[in-house]
Amino acid sequence: MDRAMLEVTLSDPIRNEGIHIRTRVNGIAQRVAKQNWQWAAHSTENQRKYESKGAGIEPVNTALDL
266 MDRAMLEVTL
276 SDPIRNEGIH
286 IRTRVNGIAQ
296 RVAKQNWQWA
306 AHSTENQRKY
316 ESKGAGIEPV
326 NTALDL
């Protein structure tokens, strides 16, 4: 896709790194890593929000207390 954006064929002696720099397109691995960090920040933010409101919901203990 990047080569098509620059109208570069496979026979042209241009490295993929150079193409990525020219098009400023991030790779899938970088995007996934960024999404994971955003999700982690989002989940910790929600956790802090619910803890501060006192919504401490504890799981029900179904085991018999002996």
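Using our numbering, read the sequence shown as starting at 266 and increasing by one per residue.
A virtual CB, placed ideally from N, CA and C, is assigned to each residue, including glycine.
Between the Cα of residue i and the Cα atoms of the options, which residue gives the shortest distance?
{"i": "Ile284", "options": "Lys299, Thr309, Met270, Ala306", "result": "Met270"}
If I measure Cβ to Cβ from residue i and keep anything under 8 Å in the same chain, skipping five residues before and after, which residues do I get?
{"i": "Leu275", "result": "Arg268"}
Along the alpha helix (DSSP H) that carries residue i, what are the first and last residues, could you check?
{"i": "Glu282", "result": "281 to 288"}
{"i": "Leu271", "result": "267 to 271"}
Leaving out five residues before and five after residue i in sequence, what residues of the same chain have Cβ atoms less than 6 Å from its Cβ?
{"i": "Ile279", "result": "Val273"}
{"i": "Ser308", "result": "none"}
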